[in-house]
Amino acid sequence: MNTLPAAARTFVGLVIALGAGLLVYYMPLRSEGPMVTFVVLLALSSVTSIFKVTLPLARSGSTMSVSYAVDFAALLLLGPNETMVVAAASAWSQCTFRIKERNPIHRTLFSMASLIITVQAAGHVYIWLGGVPGHFDPWSLAKPLVGAATTYFVINTVMVATAIGLSTHQGVLKVWNENFLWSAPSYFVGAGAAAIALAILSVSGQWLAPLAVAPLYLTYRSYKVYLGRVEDEQRHVSEMADLHLATIEALALAIDAKDQTSQSHIRRVQLYATALARALSMSEKEVQGVKTAALLHDIGKLAVPEHILSKPGPLTPEEFQKIRAHPKVGADIISAVPFPYPVAPLILSHHERWDGKGYPAGLKGEQIPLGARILSVVDYFDALMAERPYHKAMSSEGAVALLRHEAGKGFDPVVVGQFIELLPSLQAEAAVLEQAIRRPSQEDSLALIG
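Heads up: the sequence shown is residues 37 to 486, going by my numbering.
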């Protein structure tokens with residue numbers, strides 16, 4: 037749990053504490069229904085939770101099972117107190133069995149606690165809307181069942197989305213909207229499957245119990261097929277994105293060669309900008325936009341004469357005007373490319389200043405896109421530490437001092453503060469990256485000598 041960001045640790049700890057409190061407070065000393073029913077549902081929920089499917093969520097490692105249908109059956113038959121025990125057992129089984137890697141204890145406890153909270157909330161809504169646990173009346177079941185299913189879906193998915201969002205520096209609403217909203221119908225299908233199973237049992241008796249399991253199995257198979265297709269589509273999109281990014285990287289290196297900057301500079305800028313975007317809780321799509329813009333932010337320099345880019349002395353006003361045009365030229369070039377994330381606005385605004393004295397539009401403060409504010413900080417810092425025709429390389433301490441001085445003037449102070457906080461770990465990563473870049477170059481040189 038120590039590996040989680042502070043906000044995620046706090047949230048997970050609060051959920052675990054609340055779940056434990058509810059478990060102690062509502063722990064049933066005896067079952068309201070027949071003990072055999074409780075034991076059967078407990079076993080069935082634990083078994084069905086093992087048959088889980090992996091959710092296509094980047095960097096989350098989350099899974100889901102169809103055991104919530106059994107939870108609904110328990111809710112209808114036994115009420116929320118016994119059901120929270122059933123749900124907690126199913127969460128433990130899901131986190132323990134048929135997993136590739138052992139789950140950390142905090143993830144198991146969080147899963148158990150979140151289901152305890154969810155079941156108690158859904159159970160109280162079910163009773164409040166007129167449902168009576170243990171009394172199965174199909175004609176009056178619709179309203180309390182829909183209310184309970186809605187509550188179960190909202191509480192459960194919002195808690196999980198919050199944990200994922202805080203853990204991966206993504207917006208919680210973004211995570212929920214993209215990865216959980218689509219699953220809403222399944223909760224109503226699960227509740228309906230539970231009601232159908234109980235209807236079969238109430239009409240036919242215990243001898244048709246195996247038939248009552250059929251709706252649960254069909255729900256599981258439907259999920260398995262659907263999520264398999266989603267995963268295939270995401271894999272295809274990822275492969276195409278990697279291909280496009282490789283093309284972009286080749287173009288970016290050509291731009292830097294014209295500007296007499298090294299390949300390692302553009303790689304460091306990309307590394308710094310991507311990490312900073314995630315640390316500032318940008319969505320994954322926005323992070324990809326920053327990552328791409330970090331490679332292409334100087335593409336407009338293709339329109340600037342080389343003698344101006346490499347001039348060792350001060351620029352004339354006319355030369356400086358040509359330099360100032362490169363963000364607009366770059367944005368015009370990139371705007372013709374249908375990226376699935378924002379890139380052109382970041383290229384256009386990466387020379388704007390926090391105090392409004394930048395170019396090309398003189399944007400001020402938060403009028404400047406966050407991605408552009410990130411690029412301006414990391415590009416400035418890395419340029420200070422590099423040998424250029426117009427200045428000598430500066431030490432890391434000197435570059436940080438200049439960044440602090442410009443915070444609130446040229447740069448967003450929040451971005452500067454976060455970057456300086458991340459800098460030690462980022463520079464360690466950059467050193468490894470630079471070694472990887474140099475190794476192929478050395479091998480090529482040896483091949484030419486041989």
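Ideal placement from N, C-alpha and C gives every residue a C-beta, glycine not left out.
As the structure is a prediction and not an experimental result, all values here were calculated from the model.
7 Å CB neighbourhood of residue i in its chain, flanking five on each side removed
i	result
Glu479	Legend: pLDDT at Glu479 = 48, less than 50; position of this residue unreliable, value from coordinates given subsequently. Contacts found: none.
Pro449	Ala443
Nearest to residue i (by Cα), restricted to the options the options
i	options	result
Tyr188	Thr154, Val168, Met195	Thr154
Gly170	Phe146, Asn117, Ser219, Ile191	Asn117
His301	Ala443, Ala79, Val122, Asp415	Asp415
Ala43	Thr352, Leu202, Arg360	Leu202
Ala233	Ala408, Leu77, Gln471	Leu77
Alpha-carbon to alpha-carbon, residue j and residue i
i	j	result
Leu312	Gln454	7 Å
Arg314	Ala110	41 Å
Met195	Ala157	13 Å
His387	Pro363	7 Å
Lys445	Gly392	9 Å
Tyr395	Thr310	23 Å
Asp334	Ser222	47 Å
Pro381	Val365	12 Å
Phe172	Tyr308	60 Å
Ile456	Lys327	19 Å
Val340	Arg389	22 Å
Leu332	Ser385	13 Å
Val440	Phe447	Note that residue 440 is Arg in the sequence shown here, rather than Val. Their backbone Cα atoms lie some 9 Å apart in a straight line.
Gly398	Leu459	29 Å
Gly3	Ser103	The question about residue 3 has no answer here: the residues shown for the chain are numbered 37 through 486.
Ile141	Gln463	32 Å
Ala330	Asn213	27 Å
Gly57	Glu320	35 Å
Ile485	Lys400	Bear in mind that a pLDDT of 45 at Ile485, under 50, signals an unreliable position, so the number given afterwards is only what the model happens to contain. Their backbone Cα atoms lie some 54 Å apart in a straight line.
Ser126	Phe133	11 Å
Ala53	Met71	29 Å
Integer Cβ distance of residue i from residue j, believed to fall under 8 Å
i	j	result
Ala429	Phe417	At roughly 12 Å, the Cβ-Cβ gap does not stay under 8 Å, so Ala429 and Phe417 are not in contact.
Phe216	Ala197	6 Å
Gly325	Pro378	5 Å
Ile383	Ala367	5 Å
Close Cβ partners of residue i (< 6 Å) along its chain, the five nearest in sequence each way excluded
i	result
Val161	Gly183, Ala184, Thr187
Val121	none
Leu80	Val106
Ala230	Ala105, Phe108, Ala109
Gly167	Pro180
Leu165	Lys179, Pro180, Gly183
Endpoints, alpha helix (DSSP H) assigned at residue i
i	result
Gly57	42-62
Arg389	No alpha helix (DSSP H) contains Arg389, which DSSP labels as neither H nor E.
Ile200	178-204
Thr144	141-164
Ile404	Where Ile404 is concerned, there is no enclosing alpha helix (DSSP H), given that its DSSP letter is neither H nor E.
Gly325	320-332
Lys445	Premise fails: Lys445 is in no alpha helix (DSSP H) and is neither H nor E.
Asp107	103-114
His343	342-345
Thr209	The sequence shown places Leu at residue 209, rather than the Thr named in the question. 208-215 is the extent of the alpha helix (DSSP H) around Leu209.
Nonlocal neighbours in the same chain, by C-beta distance under 8 Å from residue i, ignoring five residues either side
i	result
Arg143	Cys131
Val51	Phe146, Ala149, Ser150, Ile153, Met195, Ala199
Leu469	Ser300, Arg303, Arg304, Leu307
Ile163	Gly115, Pro116, Pro169, Pro180
Val452	Val413, Leu439, Arg440, Glu442, Ala443
Near the ligand ZN: residue i beta-carbon under 6 Å from a heavy atom
i	result
Glu322	This structure does not include the ligand ZN; it has no bound ligands of any sort.
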